[in-house]
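Novice: Attaching a single structure in structure tokens format; questions to follow.
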Amino acid sequence: MKKIEAVIKPFKLDGIKEALNKIGVTGMTIAEVKGFGRQRGHKEVYRGAEYQVDFVPKIKLDIVVEASMVDKVVATILENAKTGKIGDGKIFVLPLEQAIRIRTGESGKTAI
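In terms of this note's numbering, the sequence shown opens at residue 2 and continues consecutively.
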């Protein structure tokens, strides 16, 4: 099993969710997060005053899949998240030792 963490632009969430559903991803967890990368935030203007926004709003997806699905899931996220502009986000793939469904006690791939 693998855990895929993707940090994306908020307006890309619906398209990614639909595309992942089509390839068989049955669940995910999302969180509204803030952060910055190389762009170091951005400047905005409010009532004529310019100010620096250090932390940019993003969405973080946590998806757990069987190892055989990783390449397909990553390709789907890349295809649907990319705008070609700075701040498109990142994808991280991590090994996952165990998953347990609390309701039934199932573990391993049956829990995902």
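We put the CB at the ideal spot given by N, CA and C, even for glycine. Please read all numbers here as calculations on a predicted model, not as lab measurements.
Quick check on the burial criterion: 16 or more other C-beta atoms within 10 angstroms. Buried or exposed for Ala82?
Specialist: Buried is the call here.
Novice: For the stretch 68-113, list the alpha helix (DSSP H) runs that are entirely contained and at least 4 residues long, ordered along the chain.
Specialist: Correct list: 71-82.
Novice: Between the Cα of Gln99 and those of Gln53, Glu107, Val74, spot the shortest distance and give me the residue it belongs to.
Specialist: It is Glu107 whose Cα lies nearest to the Cα of Gln99.
Novice: Starting from the N-terminal side, write out each stretch of the alpha helix (DSSP H) that is 4 residues or longer and does not extend beyond the stretch 16-69.
Specialist: Taking only runs of at least 4 residues, no alpha helix (DSSP H) segment lies wholly in the stretch 16-69.
Novice: Cβ of Ile9 within 7 angstroms of Cβ of Ile87?
Specialist: Contact flag unset, no.
Novice: Where do the N-terminal and C-terminal ends of the beta strand (DSSP E) with Glu4 fall, by residue?
Specialist: In the sequence under discussion, the amino acid at residue 4 is Lys, which differs from the Glu named in the question. Looking at the DSSP string, the run of the beta strand (DSSP E) that includes Lys4 is 3-9.
Novice: In whole angstroms, give me the CA-to-CA distance for Lys4 and Val66.
Specialist: In a straight line, the C-alpha of Lys4 is about 7 angstroms away from that of Val66.
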